[in-house]
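Input: a single structure, listed below in structure tokens.
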Ligand code: PHE
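Residue numbers (our numbering): 10 to 349.
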């Protein structure tokens with residue numbers, strides 16, 4: 010028995026000599042002290058030992074177990090300390106290193122212009138109203154003095170969702186929603202997406218408009234002109250002037266097309282203004298009596314003006330963008346140029 014014990018002590022010493030990790034140590038420990046380990050096997054064999062030898066043998070075996078347990082414990086302690094130190098040094102963070110900078114985004118040119126327009130008009134007392142993008146025929150056309158057989162319906166190629174529902178072709182639909190719910194004085198600004206079956210370098214099937222509506226006692230075309238002058242100076246520059254040209258929209262009478270003097274050449278004529286010195290920026294007019302009446306507003310007591318502009322168009326003019334597609338592709342090489 011003593012021989013067997015010496016052998017086991019020797020093989021334990023041998024086994025732990027080069028042990029590097031507490032995991033391997035654990036395996037070695039199991040080999041000797043585990044349920045089916047070598048020392049445990051010897052303990053089990055005690056059953057076969059004659060009773061008179063059992064006490065002395067038991068002593069020897071217990072001593073062996075204790076000796077090996079202590080040995081394993083000491084090595085385990087050492088390995089654990091070593092492993093902890095290694096973990097700390099591996100995971101060490103140098104807080105003095107410069108951080109990784111996440112690329113920051115920029116506001117989309119459309120958003121920049123929309124925000125600028127809202128801030129200009131908010132400064133004149135306009136409130137923002139946003140109508141739905143899915144409209145019915147009534148709000149988009151009929152209530153805007155454009156009944157079913159009206160030729161002006163052909164001015165816009167409409168995406169119909171059903172016989173009655175459509176994707177709004179103009180934010181003017183919001184005018185009706187506002188006037189139905191609010192009595193004058195009314196001064197609203199209505200930004201939003203609109204949809205038309207149209208697609209080329211300066212047209213997109215989805216684009217954004219900014220609508221304005223003012224209704225009160227004694228509002229005249231002069232008020233419209235004065236407000237547009239102020240708007241043009243703020244957005245395109247102090248020296249910019251506006252001019253009104255007669256036009257036609259079913260829901261305004263009279264209707265005008267609004268040009269601004271070319272902010273690129275100062276009106277002398279250049280590529281941007283195609284040599285004319287003027288750039289068309291929006292449609293406007295005095296709210297048609299029939300539209301006011303339809304919303305329950307007495308046109309003999311109240312008058313108003315409305316205007317609508319394409320936000321992409323303003324962005325293209327202001328930033329010198331020559332293809333509208335650039336505004337919809339989300340190409341970061343284009344967009345990052347607008348970082349402020
Ligand atoms: N809704 C018109 C368009 O989309 C623009 C407009 C708005 C004209 C308000 C007059 C008054 O072309």
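Glycine included, each C-beta is placed from N, C-alpha and C at the ideal position.
In this structure, residue 315 has its beta carbon less than 7 Å from a heavy atom of the ligand PHE. With contacts defined as CB atoms closer than 8 Å, residue 216 and residue 246 fail to qualify as a contacting pair. Taking the C-beta atoms as reference points, residue 224 is found nearer than 8 Å to residue 306. The beta carbon of residue 346 sits no closer than 7 Å to any heavy atom of the ligand PHE. Annotation note: the stretch 246 to 272 contains the following uninterrupted beta strand (DSSP E) runs of length 3 or greater, listed N- to C-terminal: 251 to 258, 261 to 270.
For residue 288, the three-state secondary structure derived from DSSP is strand. Fully contained in the stretch 36 to 109 are the following alpha helix (DSSP H) runs of length 4 or more, in chain order: 47 to 54, 63 to 99.
DSSP places residue 306 in the coil class of the three-state scheme, outside both helix and strand.
Note on residue 179: 16 or more other CB atoms within 10 angstroms of its CB, so buried under the neighbour-count rule. By the C-beta criterion, the stretch 29 to 43 is judged to be in contact with the stretch 64 to 81, since at least 3 inter-stretch pairs fall below 8 Å. With fewer than 16 other beta carbons inside 10 angstroms of its own, residue 106 counts as exposed. Residue burial is scored here from C-beta neighbours: residue 259 has at least 16 other C-beta atoms within 10 angstroms and is therefore classed as buried. For residue 216, the uninterrupted beta strand (DSSP E) segment begins and ends at 215 to 225. Remark: the C-beta of residue 258 is in contact range of the ligand PHE, defined as less than 7 Å to any heavy atom.
Between the beta-carbon of residue 221 and that of residue 198 there is about 5 Å, and that keeps the pair under the 8 Å contact cut. With a cut-off of 7 Å, the C-beta of residue 183 is classified as distant from the ligand PHE, since no heavy atom of the ligand falls inside that distance.
Annotation for residue 149: the continuous alpha helix (DSSP H) segment containing it runs 146 to 149. Per DSSP, reduced to three states, the secondary structure at residue 173 is coil, with no helix or strand assignment. In this structure, the CA atom of residue 230 is about 27 Å from the CA atom of residue 177. Comparing alpha-carbon positions, the option among 139, 183, 126, 129 lying closest to residue 151 turns out to be 183. Residue side-chain check: residue 294 places its Cβ nearer than 7 Å to a non-hydrogen atom of the ligand PHE.
In the DSSP annotation of this structure, the continuous segment of the beta strand (DSSP E) that includes residue 315 starts and ends at 312 to 319.
For residue 198, the pairing in a beta bridge is given by DSSP as 137, 221. For residue 188, the enclosing alpha helix (DSSP H) stretches over residues 182 to 190.
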